[in-house]
Amino acid sequence: MKPYNILFLFLIVLFTRCGKELDLPSRHQVPENNMWQQRNDARSGVFATYGLMRAALANENAFFAYGELRAGNFKASNRADIGAVTTQQLNANFSTLEEWKDWRRFYAVIAQANLCLQKLPQVLEKDFRYNEQNMKVDMASVRFLRALAYFYIVRIWGDAPLIADAVDGNFSGRSRDPQSKILDFVEQELTAASANLPWNYDGNQPEQIGIYYDQAGSFWLSCIASKAACYALLAHVYAWRGDYAACESNARLVYENTSLGKYTFTTASTLTAETGGVFSALGNGVIFSLTADSRYQESAAKGHLEDWTLSAPLVDKTVPEVYVPADSVLKIFNEPNDQRFAISLAGAVSGGYFQNFTNPVPMFSKIKARTFTQQPLFNNFQSAIVVTRYEDIVLLRAEALYYLNDLNNAMVYLNAVRTRRGLTEFNLQTGGNLLNAILKERQRELLGEGQRWFDLVRNRQAHLYSGLTTDQITRGAALWPLSKNTLANNAAVQQNSYWK
Amino acid sequence: MCEKKIISVFFIVLFIAVTGRLAAQDSSTVKPQAVIKDTAFRRLNSPPVDLLHYLPASTLPALLDAKVPGVTTLRKSSEPGIPAWLLVRGLHGPVSKQSDIYSLTPLYVVDGIPLIQNHAFPFGIKQYDYERIGSETDITTMLNINDIESIEVLKDPADIAAYGVQGVDGVVLIRSRKPSPGKYRIHVNLYGGVLVRPHDIKTANGRYERDFRKPFYDAYATQQQLSMFPAYLADSSNAVYYGPANWDELYYQNAWQHSVNAAISGGSERAYFRLGLGNVRENGIMRNTGVDRYNVSANIGMVPFDHLTITTQIQLGLTDRTRNTLLRERFAEQEYIPTLTAPLSPNKDYLSNYYSLLDRWSFDKNQDHFLAGMIKAAYQLKHWNLSSSFLMNYHDNNRDLYFPTTINDGNNFASYFIGLDKRSAWKNEISYKPELGADMVLQLTGAAGAQWDRRKYDYIKGYRGGSDFVKIIAGGSTPSFQEGTVFGFKDYLNHNLVSFSGRANFMLKNRYEFTAAVSREGSSYFQNGYWWFTSPSLATAWDLKNELDLGSAFSSFKIRAGIGRTGRVFDNDSYGYGPVYTVDNGYNGAPFIPSYGSMPTLTLPFNRGYTGWGIGWAYADQATVGVEFGLGERWNIAAAYYLRNDKNMVAPVPVPTEYGFTKAYKNGLAVKNTGLEANIGTSFGNGFKWSPNLLLHWNNNQITALPDGLSSITADGRRLQKGQRVDAYWLLQNDGVYESDAAVPLNAANGQRLTYYGVTVKKGDPRWQDANGDFNVDDNDRVFRGNMYPKISGAFNQSFYYKNWSLNLLTAFAWGKYLINEAVANRFDFANREVSGSMSGVKEITFWTQIPDREKYPQYNPWSLVQPYQRDQTLFLEKADFLKLKSVLLSYDMKDLGWVKKAKIVSMKAYITANNLLTVTPYTGRDPELSNYMGYDDGYGVPFARSFSIGLQLDL
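Chains as they are written, first to last, in the UniProt record's numbering: chain A, 1 to 500; chain B, 1 to 956.
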């Protein structure tokens, strides 16, 4: 072969090859063109919305910062950023505070939900395996999550931009819409979602016939949206707006369908159990929670309350970051035989809520879903963030009935919880104010679950526990300030007036 | 692509025409002619490679440090083998995290092989930005300096053009020693030496730390804060912390190093070869650190037919790095932070327990394997030159490690990383050099090439293995690591690059020289419609000595100028595909959760940032003018002024948080670098000769545009502002301390005291300047101060020659450079760090050192909510100018010795070197050269150690 023939061959080889070279698909991520093609894309998009909701609430234990830290129950032992929240100094300059002040993660849930709502019909067209029922349940799920995100936003920051259209790359700054408009939207969305969601996923519900994404009904218990989740959330929304009649009717729907919804009262021992309890497993009276199961590698060292509240011997730490001081504990659990926590006249401590009670810094051990319970200790937790559970709704119904002036029935629901925790029945003559008793029961039962602050604000009692004055609260101190990023990146949004 | 087809048809037709003509030519006497390319500034671009052969260092950036004007070395530590980065003509873009530097550094080209660099994409699976996952070994360890004939750093667009868009940040062109036919020649270079551990470490023990903190407690602590006084400092009878502080004796070591290199070359006219072997062991002064490197290089030339030369070259490298055992790097790797309440003991008796547990049970293997090979066939005729080459470049980096239960709160950890980078490429070139008479030389070159890069990594990590005897992660029915604690990661990144280029070199009357080049390149990182970019360039030179007949006053006199544009490819495929979906629903502390309730997830990249459609190429426009002249016999001066505009770069733009994204990526960032490079050399004397040589680089940079016409972007605690430097720090200005609450300024308008981001300032808080006078200290009161990249850098080197002796003094200096002394800031910020269970609470053994200039820092209330000892304030900004005596090199040429002559030794030199002898700097930290790539000195850099070596170079 002549040498130049070899060269000739080289050239031929090169030039016939480079045709398609530049059209190289990414193996790194999924481009827009390849997404929303099949059933699995729909599933990934929908469950990502759940994942983002979990991230929004778990990030730096945000659900706890919003729902508990300002309410007076918990104190910080040594972390100045947490201490700043417990003392209502939300302007302090800590990176974690910036995270809590930022509503971006909730809006990520909303953006993902908006996107799913726009794109899921496209999947229906393209993939025969994705059917209409499947799509309706998926769309109702993301509408539920979007409503939940907006409900958090309104409760934490007040007015906010209401965005319900999918992202298109145009990021113009939107101004804030009044909370009433957002809450109207939330109500409407939850009502719509409740119509298409099943009570459960056993495959025999009219909304979901056959199994959902190849998993049996028990698999989905309490970790994804359902009718009960919508009604429970609606009850909270109406209570927040002071519409206790609507609150009561939604709470009643939850209350009357326990067998359909597959939830019921839990025992105090299940509530504080380390494994198979309210915070570690599915069901157990939980209506909706965001789970982080270690079997699926969703557990983590951070983003779980255990990271802050546990200490030796449960984790390798002498002092927990947050705790309920002993005198507060005694004030909160001031009735004998409380199965959650009680101290006898002889000083013996019982109940699973607290350990190390005699230490200067007791351990709040109600929530303790450690991934590994055996030695050696390992910081990895899988507690679910419980958004709402049966006792929450039962007590909320009691609260609604109180406001509706049906005191006897209010007492029935209050006592339904009290007696299950070893307490005596509440007596109107000796028990004092019924509302206070209901709120106290909520405080005890839901301690650490991110409800207390919203209970106080809803019932206009925040000034009694938070160190804020009524004047400060009227000036808007109950809301959180907006983050630096939010203010810097959108000129149409102003800082909440109290925090200016 | 129709465009490509047209070009290919054109080439094929051209080729047929050429081969037809070739056959007709009488080509028996043709010798290949060198390409004219005298438009480059050689004196400004080339380091003295012959001296580099003597210097003990295992990476090219370390060797090239302060050897070429305009080329700066960026290092975070002197740990052997750790990556260091070259920056050519300044910092071309912002660096806000470590991986950013990967896309701002030059391309290494070894004999035409563009080396595949480590890639930044595995950074994405680690939470902490301290180290790169994997072996983290510098890519240039694959090169043996002894196999290198010359190095040239190409900076101008016309010079870069031959290497395409990959060379946009400069090209380090490495030419290896070529085989030559004839008698076998043997080349040997050996040295051995020792690094001396530092003896000037001012260690501290618990007493020092307690005494340091006590005034703060006395002045400011509340009862609760007092009760939280750390237990390890509370008991002064505890010998673990209050014993003698002599940890440095264990932690630092005297270390030896050696280098053994041999090469043989020879062969016949038809087939010749060069084979080189090398081994370098470079140990560090930090315990157990070092790098062991083996290199093989083979070059084979064959002339099977007249005019056809086939050259093959292969470079092989194996690197074994033993790396530091810093706590921070361990925790970052395992992403699990054990209890931090009991730091390491400053006393070696106790510390040795820890080290023996660590050494006995753990392992940490870091290996890299390199292969670069090319086969090139060149057909040379009188006017025509044809060549075709195929190259392959392979690199894997592996880290295999195990940390035992004994040092990790009872939880062991194992991980294995393997990263593979493969590159294969074709390049065909045709050049034509017609005869145009005596006055004119013209060469036209056309080239076409394609390159395929394939990268992937596999990473698996597991916690809580069954016992410390089973150190591998094994699956199966009885897995060695507990279920739910084993995590696997895998990713791929592919890139194709297609290029067509043309070049013309023209010289007229030995006076005027021109090089014009244009290349059109397509990258698969862009979406269809944005694939192609055209980079044109032009360079000229004018020989004034010939033109003006300057005679003997000037030995040479040339003026040069160049201008051109070079495209820039993204560093990965995240930007060019429009909106993308990815797994991004993690949160702080758990960023990689893949699923919800076991269901896989795909979201828009809310945390990483949005990318829209239509992101296009960034590019660099450059212009250079310069002069090179020789004054008489003795002076040689070269200087060049450059203007470099990096334009249309992609930058993260903040978007309203109401869209859920942290940011959106957009084109439009522009950075301007201007500067002057100079090399001034002279020599005096005859018998005894003194040759001083000054290398100088003056540089300034500025952000000239931001995406969307924004005037500033704030991210990661830094602000990019139009008109400001790209590496400027953005700081609060300190002005003392508030002695009392009453001293805090009162806003008469509303009766409120000065606030800091809304928090009322109190006694013991820093007096930060409220620059805008709104009685609130916040981002608007921050100012741009200082910069990481020096304004002036260079070296003043001197050589002395006497008979067969020569002595070289190599220095380096920088002026107008600043660092933030974060290490000191962290020490003062103990109130926050002591209680933090996160990375900021980690106390390294180097924590037990005294704080330099402790008195100069005001005593703030460390518990204050204003975070008085945050790092981004002028308090911690320090000048980091320096002058260093880097190396002293004494060599003796033994050519005149009788036995050397008798033994027919071609050349024989003995040499000794002494390195890092002297540093003059106002900087109070460890070393003004060591910091992370953002300019923060966190104290983790291992300082440069004094070292001494003795060596022998021999040619037979």
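The beta-carbon is built from N, C-alpha and C at its ideal position, and this holds for glycine as well.
Limits of the unbroken alpha helix (DSSP H) element including residue i
i, result
"residue 206/A", "Note, residue 206/A: premise wrong, no alpha helix (DSSP H); not H, not E."
"residue 121/A", "104-126"
"residue 159/B", "157-160"
"residue 147/B", "Unbroken run through residue 147/B: none, as it is neither H nor E."
"residue 906/B", "Element bounds for residue 906/B: n/a, residue is neither H nor E."
"residue 151/A", "132-157"
Residue closest to residue i, alpha-carbon to alpha-carbon, out of the options
i, options, result
"residue 951/B", "494/B, 258/B, 774/B, 155/B", "258/B"
"residue 331/A", "185/A, 374/A, 443/A", "443/A"
"residue 581/B", "20/A, 33/A, 102/A, 22/A", "33/A"
"residue 466/B", "718/B, 793/B, 412/B", "412/B"
"residue 440/A", "237/A, 335/A, 200/A, 59/A", "335/A"
"residue 308/B", "392/B, 500/B, 763/B, 377/B", "377/B"
"residue 383/A", "597/B, 141/B, 147/B", "597/B"
"residue 862/B", "301/B, 766/B, 473/B", "766/B"
"residue 30/A", "817/B, 493/B, 54/B, 385/B", "493/B"
"residue 190/A", "155/A, 232/A, 222/A", "232/A"
"residue 132/A", "206/A, 176/A, 96/A, 152/A", "206/A"
"residue 891/B", "809/B, 899/B, 200/B", "809/B"
"residue 934/B", "321/B, 326/B, 106/B, 720/B", "720/B"
Where the beta strand (DSSP E) containing residue i begins and where it ends
i, result
"residue 214/B", "Premise fails: residue 214/B lies in the alpha helix (DSSP H), 206-220, not in any beta strand (DSSP E)."
"residue 188/B", "182-196"
"residue 71/B", "71-74"
"residue 376/B", "363-380"
"residue 894/B", "Premise fails: residue 894/B is in no beta strand (DSSP E) and is neither H nor E."
Does the region 168-188 of chain B touch the region 320-336 of chain B, meaning 3 or more C-beta pairs lie closer than 8 Å? no
Which residues of the region 54-86 of chain A have a Cβ closer than 7 Å to any Cβ of chain B? Give them in chain order. 54, 55, 58, 59, 60, 78, 79, 80, 84
At which residue ranges does the region 758-783 of chain B contain complete beta strand (DSSP E) runs of 3 or more residues, listed in the order of the chain? 766-768
If we count Cβ pairs, one from each stretch, closer than 8 Å, do we get three or more for the region 846-857 of chain B versus the region 203-222 of chain B? yes
Using a Cβ distance threshold of 8 Å, determine whether the region 498-516 of chain B contacts the region 533-543 of chain B, with at least three qualifying pairs required. yes
Quick check: the region 658-668 of chain B against the region 600-610 of chain B, are at least 3 beta-carbon pairs closer than 8 Å? yes
contact_flag[the region 53-70 of chain A, the region 80-91 of chain A] where n(CB pairs < 8 Å) is 3 or more: Touching, yes.
Any C-beta of chain A within less than 8 Å: which residues of the region 667-689 of chain B qualify? none
Which residue spans inside the region 214-268 of chain A form an unbroken alpha helix (DSSP H) run of at least 4? If we require 4 residues or more, the alpha helix (DSSP H) runs fully inside the region 214-268 of chain A come out as 227-241, 244-256, 258-261.
Interface residues of the region 23-42 of chain A facing chain B [CB-CB below 8 Å]: 23, 24, 26, 27, 28, 29, 30, 31, 32, 33, 35, 40, 41
What runs of the beta strand (DSSP E), each 3 residues or longer, lie entirely inside the UniProt domain "RagB/SusD" (383-499) of chain A? Qualifying beta strand (DSSP E) stretches, in chain order: 385-389.
Closer than 8 Å is the cut-off here; do at least three beta carbon pairs connect the region 244-264 of chain B with the region 893-910 of chain B? In short, these stretches do not touch, since the Cβ pair count stays below three.
Which residues, in chain order, does the region 857-878 of chain B contribute to contact with chain A at a C-beta distance below 9 Å? 863, 864, 865, 866, 867, 870
Whether or not the region 361-368 of chain A and the region 259-266 of chain A are in contact is what I'm after, with contact meaning three or more pairs of Cβ atoms, one per stretch, closer than 8 Å; do they touch? No, they do not touch.
Could you please tell me which residues of the region 195-209 of chain A, in chain order, have their CB closer than 7 Å to any CB of chain B? none
Inspect the CB distances between the region 627-637 of chain B and the region 573-587 of chain B and report whether three or more fall short of 8 Å. no
Contact set between the region 172-188 of chain A and chain D, restricted to residues whose Cβ is under 7 Å from the partner: Here the protein chains are A and B, and chain D is not one of them.
Do three or more CB pairs link the region 400-418 of chain B to the region 145-153 of chain B at distances below 8 Å? No, because fewer than three Cβ pairs between the region 400-418 of chain B and the region 145-153 of chain B fall closer than 8 Å, the two stretches do not touch.
Could you give the uninterrupted runs of the beta strand (DSSP E) lying entirely in the region 665-714 of chain B, keeping only those of 3 residues or more? 688-705
Near-chain A residues of the region 571-590 of chain B - C-beta to any C-beta below 9 Å: 572, 573, 574, 576, 577, 578, 579, 580, 581, 582, 583, 584, 585, 586, 587, 588, 589, 590
Determine which residues of the region 893-911 of chain B have a Cβ less than 9 Å from any Cβ of chain A, and write them out in chain order. none
What residues in the region 455-489 of chain B bring their beta carbon closer than 8 Å to a beta carbon of chain A? 463, 464, 482, 483, 484, 485, 487
Chain A contacts from the region 337-367 of chain B (Cβ-Cβ distance under 9 Å): 337, 338, 339, 341
Report the residues of the region 647-658 of chain B with a CB closer than 9 Å to any CB of chain A, ordered along the chain. If you check each beta-carbon in the region 647-658 of chain B against every beta-carbon of chain A, the ones closer than 9 Å belong to 653, 654, 655, 656, 657, 658.
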